[in-house]
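Inspection log for the structure reproduced underneath, given as structure tokens.
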Amino acid sequence: MVKNIVIAILAVAVVVLGLLYIGNSANLGRFTDELNPKVFKDTVTFEGAVTNSAALTQSGAATFSANAQFDRVLWGGGVLTITATTSNIALTAAQVCSYGVINITPLTTDASTTLPTAATLAADCLPTAGTMKTLLIRNLATATTSEIGVTTGSSTLLLTAAGASNLAGGDVWTVDIYMATTTTGSDKMVDFVVEESL
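Heads up: the sequence shown begins at 5 in the working numbering, then just goes up one per residue.
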């Protein structure tokens, strides 16, 4: 009889300990000293404020439906240097979207550069109307006569202050690229707005 009672008590104790373990496992990550990383495979919604004091690495796209305020913003993108081997340099959407500065050394004094098409830019980094990207394009040629004639791709528009489309040697263009409309076939789907600086 006593043996059965002891066994029953031990069984209840095991069940209670098991329930406590399950409850604590569900609460893991609530505390600031929790060191175990968590992987969320579904959408996570925070209804209150979220404070992060460490570095945050984001590998996918981040969408904000309300205003986002940042104390300091550093735009990514490296420097791409192209030494032309032909008279025409065709810039791809991947290059325009991934880099912040593109340096070009033309092969001839009468070189040209073709900008990407609206469709490729939409697929890479300008998916919706109103999105934009800033890019610096530099002509590294030392002679001012080593111009690069800039031509646009399909469904794009080049807007410069003086209406010129030549980037002289030693000159720099700051280019704001806007997805003006997502209407396919529009000749002004993407606008390249240029500010020239010497």
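Beta carbons: idealized from backbone N, C-alpha and C, even for Gly. Quantities reported herein were computed from a predicted structural model and do not represent experimental measurements.
Subject >> Where the beta strand (DSSP E) through Leu60 begins and ends >> reply: For the purposes of this step, residue 60 is identified with residue 56 of the sequence shown, where counting begins at 1. For Leu60, no beta strand (DSSP E) run applies, since DSSP gives it neither H nor E.
Original post:
Among residues of its own chain, excluding the 5 on either side of Asp195, which ones have a beta-carbon nearer than 7 Å to its beta-carbon?
Top reply: Here residue 195 is taken as the residue at index 191 of the sequence shown, counted from 1. Excluding residues within five positions, the ones whose Cβ falls inside 7 Å are Leu161, Leu163, Tyr182, Ala184.
Subject >> Segment contact flag, the stretch 102-110 with the stretch 83-90, C-beta cutoff 8 Å, min 3 pairs >> reply: These segments touch.
Original post:
Asn170 bridges to which residues according to DSSP?
Top reply: Numbered from its first residue, the sequence shown carries residue 170 at position 166. Looking at the DSSP assignment, Asn170 forms a beta bridge with Gly153.
Subject >> Proximity below 8 Å, CB of Thr186 to CB of Thr132 >> reply: Position 182 of the sequence shown holds residue 186. Position 128 of the sequence shown holds residue 132. Cβ distance < 8 Å, so Thr186 and Thr132 count as in contact.
**OP:** Measure the C-alpha to C-alpha separation of Gly173 and Thr117 and round it to an integer number of angstroms.
**Re:** Taking the sequence shown and counting its residues from 1, one reaches residue 173 at position 169. Taking the sequence shown and counting its residues from 1, one reaches residue 117 at position 113. If I take the Cα positions, the gap works out to 13 Å.
Original post:
Would Leu60 be called buried (16 or more neighbouring beta carbons within 10 Å of its own) or exposed?
Top reply: For this step, residue 60 is matched to residue 56 along the sequence shown. The residue is exposed, with fewer than 16 neighbouring Cβ atoms inside 10 Å.
Subject >> Three-way DSSP call (helix, strand, coil) for Ser159 in this model >> reply: Walking along the sequence shown from the start, residue 159 turns up at place 155. Ser159: coil per DSSP, three-state reduction.
Subject >> Where Gly157 falls, given that 16 or more other Cβ within 10 Å makes a residue buried >> reply: Reading the sequence shown from its first residue, position 153 is the one you call residue 157. Under this definition Gly157 is a buried residue.
Subject >> Beta-carbon gap between Thr124 and Ala97 smaller than 8 Å >> reply: Along the sequence shown, read from residue 1 onward, the residue named residue 124 stands at position 120. Along the sequence shown, read from residue 1 onward, the residue named residue 97 stands at position 93. The Cβ atoms of Thr124 and Ala97 lie closer than 8 Å to each other.
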